[in-house]
Amino acid sequence: MSKGNILIVALLPLAAFGFPQRENQMLEIDAHRGQEIIDAGYARKATGEEKELHAAKQKQRAEQKPEVNADYAKASEKNDRLKAELEKANAATEAANAEIDGLKADLETANAATEAANAEITSLKADLETANDEIERLKVELEAAPKADAPKK
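So in numbering that gives the first Met the number 0, spot 26 of the sequence shown is number 25, and the numbers just go up one at a time.
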């Protein structure tokens, strides 16, 4: 502990004093401020055993910090790599969607051309039917006409 600090154990939540600690948590704090909290009944001074436990936990945290930082750095690198891959995938998706939109427009144009061609085919079929009817009518007239041009014997 730093000079001028004491270790207290929260008996009640310390939010009223601007600290996040809840009951049964330890806090190293300025001695004067700590005494105010103790006098208010929100905390008690830590025992020797609690001080040793706190010091051991602080030492353990300090020893683990480089390992935790290395793990954090690896996770951050992986996260950055995944973000870059996601951005590439999003760009590819946008390009594919633009291509799909272009193909849809082409398909609509082709469908319109097919409809126009089908309408033309229907019109030509009607014209062909009319022409066939005319041919049949002319055949009937031809058969009914006197054979005036027939050769004489």
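Quick reminder that beta carbons are idealized off the backbone N, C-alpha and C, glycines included.
How would you write the range of the beta strand (DSSP E) that residue i sits in, first residue to last?
i, result
"Arg43", "Ala42 to Lys44"
"Leu6", "Asn4 to Ala9"
Check this for me: beta carbons of residue i and residue j, under 9 Å apart or not?
i, j, result
"Gly3", "Ala30", "yes"
"Leu85", "Gly40", "no"
Going by DSSP, what residue range makes up the alpha helix (DSSP H) through residue i?
i, result
"Asn96", "Gly47 to Ala143"
"Glu35", "Ala30 to Asp38"
With distances taken from CA atoms, which of the options is nearest residue i?
i, options, result
"Ile36", "Glu49, Glu48, Ala15 and Lys56", "Ala15"
"Arg54", "Met25, Lys146, Arg136 and Arg21", "Residue 54 is actually Ala in this sequence, not Arg. Of the candidates Met25, Lys146, Arg136 and Arg21, the one whose C-alpha sits nearest the C-alpha of Ala54 is Met25."
Beta-carbon within less than 8 Å of residue i's beta-carbon, same chain only, minus the 5 sequence neighbours each way: which residues are those?
i, result
"Pro19", "Leu13"
"Glu135", "none"
"Asp100", "none"
Assuming residue i and residue j are in contact, meaning their beta carbons sit under 8 Å apart, how far apart are those beta carbons, in whole angstroms?
i, j, result
"Leu6", "Ala45", "4 Å"
"Glu49", "Val8", "6 Å"
Grab me the residues of residue i's own chain with a C-beta within less than 6 Å of its C-beta, minus the 5 sequence neighbours each way, in chain order.
i, result
"Gly33", "Ile5 and Ile7"
Leaving out five residues before and five after residue i in sequence, what residues of the same chain have Cβ atoms less than 7 Å from its Cβ?
i, result
"Leu127", "none"
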